[in-house]
């Protein structure tokens with residue numbers, strides 16, 4: 012990618028609209044003030060907060076925000092029916108309400124089926140104001156041809172107050188006239204519901220000409236009975252389970268609302284469908300804060316279904332079930348509020364990326380399923396989150412099922428099982444508890460990361476940078492597809508991974524389903540992350556994937572990474588309506604480090620080992636990693652490598668005091684009068700006037716410090732000018748050029764004879780140990796914008812992330828972006844030991860198919876001269892390393908380079 016293009020893309024990150032994903036994806040956030048050009052990669056893995064560096068090549072680069080529009084209709088009350096009695100003068104007396112539940116059936120109260128001995132004969136739909144013709148464009152008025160009261164209803168009592176009205180024909184389905192669905196579950200979890208009707212606005216007040224709605228809270232029958240005495244002749248048995256109460260401190264339903272719905276709007280397919288929970292039955296005088304009584308629809312669902320089936324041959328047993336109903340009319344429903352971008356009288360614009368529910372697509376490619384061996388009872392719905400190629404995080408409760416541990420994890424993208432080799436359960440977890448519910452699974456073999464399988468990063472802060480998060484779930488395909496155009500064409504009951512969008516809740520606003528209370532003896536703890544949304548969803552729409560990550564895409568160093576805030580632990584309906592709760596990963600990072608990072612000490616353990624017999628400059632044994640260099644007792648300021656170990660809580664040895672530590676000799680920084688100043692120390696300022704612009708590096712045919720070494724037979728390899736007369740390259744480059752290099756070709760095409768070549772005295776051709784050499788030109792170069800020396804990288808603990816690999820092309824020097832790796836990661840692909848003076852690299856683009864290069868190919872970092880990156884920023888080239896060797900490059904194994912920082916003293920001594 013062109014660096015100028017890259018910079019512009021960074022600046023316009025939230026404006027780019029690349030439509031390639033499914034709807035509803037949260038846009039990545041950018042809480043970090045990092046710049047990829049100055050990002051540093053630690054040479055050793057000391058932290059778990061390194062995913063964006065360690066797996067940089069797997070970061071994403073795309074955004075999404077599709078928009079579309081539709082005509083604006085009033086869809087909110089499309090099911091609402093006004094039920095009337097035609098008078099002798101042709102007018103209609105509208106006295107009750109009802110709900111359209113099928114194209115030719117209205118659900119209402121049984122007491123609405125007779126007035127002064129006569130039955131209602133007309134129903135009207137799509138008309139909000141019954142006494143005005145201004146909104147009659149889509150109104151439909153149909154005759155009622157049959158009244159079907161519940162067989163047990165008696166006008167003298169208030170029980171079984173439910174009826175069906177059959178219309179003379181089907182309504183014409185339209186956005187403004189469409190049936191509602193039925194809530195068939197006895198459990199009503201909704202904290203509020205809505206009642207609608209054209210009733211009186213208060214006791215003894217006039218009726219409203221326009222349809223009104225009021226928000227009511229459900230009230231238990233026990234509490235409601237305080238308002239309705241069993242001495243009431245219509246309630247001789249008191250309130251029954253087939254009735255439900257709801258009310259509000261200021262409002263309730265009023266006469267004229269009878270038969271109308273007590274309803275709840277439920278989310279599905281990016282739409283909102285009304286579900287009828289109750290039918291307005293009776294109450295005391297309205298407007299005085301007394302709850303109303305409603306007929307509970309779920310208690311009569313079977314009667315409703317069987318009654319309609321007896322008259323309509325096309326109605327099946329599933330026709331009125333929630334999912335069937337929701338899908339049948341999905342194209343007519345109003346979109347959820349968050350999707351609406353703008354709305355005028357005639358047209359509404361929508362943005363599908365703002366939908367609460369979406370299919371996961373490629374945004375759950377770090378989720379795995381936990382499996383058990385064939386023959387064992389399998390625990391359902393246990394997932395895990397892969398954080399590196401052989402490590403999966405999951406819930407502690409998912410590490411055992413009836414005492415049997417899981418045997419493998421399943422990568423759905425591979426359709427392959429990976430055997431579990433180790434299980435680490437948090438030491439403070441207790442069975443059936445929701446505290447410390449976390450575990451680590453180590454895999455026997457490493458997974459190969461691709462576009463379809465990538466690791467998630469661990470979020471390392473208690474603070475969440477944006478309140479909106481994605482919560483992995485699973486649910487039916489058909490009830491989650493976003494029907495932007497048309498209607499559904501077939502049921503698709505198969506499950507699919509989902510990523511609904513929810514918000515982080517404070518502990519005070521965390522409404523936890525009752526069934527989890529017994530497992531939270533101490534209530535919510537700081538380790539818990541509560542998420543949810545006030546919207547409820549249709550049953551079977553979404554259920555939590557336990558152990559999968561609550562996540563968000565976060566922009567770091569020019570790419571997007573999925574960060575896991577926590578692991579799904581418990582909740583219903585994926586957190587819609589009632590909260591879902593996750594285990595925060597940051598709360599358990601210290602424990603995770605003791606499991607995943609070598610030599611990491613427990614924070615509660617003794618500080619470190621102190622050898623009081625050793626003093627500064629004494630020899631010591633450094634045996635905490637694979638460093639073979641002898642140790643020397645050194646002041647900590649001169650040993651950044653071991654001091655970083657200490658700060659990362661790794662084990663180190665102190666020599667006699669807390670200021671002197673055992674340091675491998677190769678990592679000791681030379682300071683003070685012992686270091687003679689030369690061109691290496693002043694290169695950044697000496698040649699600053701020649702430095703190229705950050706965005707023009709590639710326009711100048713590569714870096715100005717590159718020289719091409721030519722042998723007697725025209726064989727060639729690359730070197731880097733590090734002073735006006737000296738260049739550095741690999742010893743293997745000097746050896747591969749026949750009889751040693753004879754001349755150097757500068758970027759200006761000038762040819763300078765070579766005076767001598769200095770190969771490291773310990774260079775070995777068999778294993779390429781100490782693979783470095785210096786080439787002395789016969790005369791000084793003349794610095795210019797075309798030719799000037801680079802600096803050498805001297806940092807012993809970190810390497811720049813944004814590296815360019817400059818290699819010999821067929822015609823000219825070409826370069827590509829690469830990134831460093833941990834030697835410990837690289838070592839897993841090699842039999843021979845990769846020592847500290849090596850650096851491994853990998854291509855930063857997925858799909859790269861070669862990591863074998865030529866001797867002398869080099870790693871260069873363009874170090875910005877300013878902290879603030881802008882159009883005028885210039886850069887200083889730094890030489891990081893030279894290619895040494897590689898194995899199985901066609902299988903994209905890492906390439907191994909000589910790390911120049913470990914040879915600074917040798918270079919100084921030979922300048």
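Residue numbers (my numbering): 12 to 922. Virtual Cβ for every residue (Gly too), placed ideally from N, Cα, C.
8 angstroms Cβ cutoff met for residue 287 and residue 118: In contact: residue 287 and residue 118 (Cβ atoms closer than 8 angstroms).
Cβ shell of residue 744 (< 6 angstroms), same chain only, five flanking positions each side left out: 728, 866, 867.
Residue range of the beta strand (DSSP E) that includes residue 890: Annotation: the continuous beta strand (DSSP E) that includes residue 890 extends over 886-897.
Buried or exposed by the 16-neighbour rule on C-beta atoms within 10 Å, applied to residue 804: Label assigned to residue 804: buried.
Close-in-space but distant-in-sequence residues of the same chain around residue 838 (CB under 6 angstroms, 5 per side omitted): Leaving aside the five residues that flank residue 838 on each side, the residues in its chain whose CB is nearer than 6 angstroms to its CB run, in chain order, 845.
Contact set for residue 292: own chain, Cβ-Cβ below 8 angstroms, skip 5 residues either direction: Only 120, 122, 169, 172, 254, 269, 303, 304, 305, 306 meet the Cβ criterion.
Contact set for residue 385: own chain, Cβ-Cβ below 6 angstroms, skip 5 residues either direction: Beyond the five residues adjoining it in sequence on each side, residue 385 comes within less than 6 angstroms, by CB distance, of no other residue in the same chain.
Short Cβ contact (8 angstroms threshold) for residue 758 with residue 715: In this structure, residue 758 places its C-beta atom within 8 angstroms of the C-beta atom of residue 715.
Cα-Cα separation between residue 34 and residue 599, rounded to whole angstroms: Note that residue 34 scores a pLDDT of 49, beneath 50, so its modelled location is shaky; the value from the coordinates is reported in the next line. Each residue's alpha carbon lies about 33 angstroms from the other.
Per-residue DSSP class, three states only, for residue 542: In this structure, residue 542 counts as strand in the three-state DSSP scheme.
Residue 99 burial status per 10 Å Cβ neighbour count (16 or more: buried): So residue 99 ends up on the exposed side.
Span separating the alpha-carbon of residue 192 from that of residue 144: Distance between residue 192 and residue 144, taken at the CA atoms: about 28 angstroms.
Minimum length 3: unbroken beta strand (DSSP E) runs contained in the region 468-497: The region 468-497 contains these whole beta strand (DSSP E) runs: 479-481, 484-487.
Neighbourhood of residue 308 by C-beta, 7 angstroms cutoff - its chain only, sequence neighbours within 5 removed: 193, 194, 287, 288, 289, 290, listed in sequence order.
The beta strand (DSSP E) enclosing residue 808, as first and last residue numbers: The continuous stretches of beta strand (DSSP E) do not include residue 808, and DSSP gives it neither H nor E.
Nearest-angstrom Cβ-Cβ length linking residue 814 and residue 830, presumed shorter than 8 angstroms: Residue 814 to residue 830, Cβ: 6 angstroms. Contact.
Beta-carbon separation (whole angstroms), residue 381 vs residue 417, contact threshold 8 angstroms: With 8 angstroms as the limit, residue 381 and residue 417 qualify as a contact, their Cβ atoms being about 5 angstroms apart.
Helix, strand or coil at residue 620 according to DSSP, with G and I counted as helix: Secondary structure at residue 620: strand, using DSSP grouped into helix, strand and coil.
Contact belief for residue 650 with residue 625 at Cβ below 8 angstroms, rounded distance in angstroms: Incorrect: roughly 14 angstroms between the Cβ atoms, too far for contact.
Spatial distance of residue 849 from residue 885 (CA atoms): Here the alpha carbon of residue 849 sits roughly 29 angstroms from the alpha carbon of residue 885.
Buried or exposed by the 16-neighbour rule on C-beta atoms within 10 Å, applied to residue 234: Residue 234 is exposed by the Cβ-count criterion.
Under 8 angstroms between C-beta atoms of residue 463 and residue 424: Contact flag set, yes.
Burial state of residue 378 (16 or more Cβ within 10 Å): Buried, because 16 or more other Cβ atoms sit within 10 Å of the Cβ of residue 378.
Residue of 319, 906, 69, 783 minimising C-alpha distance to residue 116: When each option's Cα is compared against that of residue 116, the closest is 319.
Residues sharing a beta bridge with residue 154, DSSP: Beta-bridge pairing links residue 154 to 133.
For residue 272, the three-state DSSP class (helix, strand or coil): Residue state, collapsed to three classes: strand.
Proximity of residue 760 and residue 722 at Cβ, strictly below 8 angstroms: Using a Cβ distance threshold of 8 angstroms, residue 760 and residue 722 do not count as a contacting pair.
Helix, strand or coil at residue 532 according to DSSP, with G and I counted as helix: Coil at residue 532, not helix or strand.
Residue-level contact to chain C via CB, residue 406, 8 angstroms cutoff: Absent from the structure: chain C. Only one protein chain is present.
Terminal residues of the alpha helix (DSSP H) in which residue 920 lies: For residue 920, the enclosing alpha helix (DSSP H) covers residues 915-921.
Inter-residue Cα distance where the pair is residue 216 and residue 238: For residue 216, the pLDDT reaches just 41, beneath the cut-off of 50, and the residue's location in the model is therefore unreliable, leaving the point undetermined.
Residue 55, buried or exposed, once every other Cβ within 10 Å from all chains shown has been counted against 16: Here residue 55 is buried: its Cβ has 16 or more other Cβ atoms, across all protein chains shown, within 10 Å.
Cβ neighbour criterion (16 or more within 10 Å) applied to residue 370: The residue is buried, with at least 16 neighbouring Cβ atoms inside 10 Å.
DSSP bridge partner residues for residue 40 (one or two, in chain order): According to DSSP, residue 40 bridges with 565.
For residue 490 and residue 185, the rounded distance between their alpha carbons: CA-CA distance, residue 185 to residue 490, rounds to 21 angstroms.
Segment limits, alpha helix (DSSP H) that includes residue 600: Run containing residue 600: 600-607, per the alpha helix (DSSP H) assignment.
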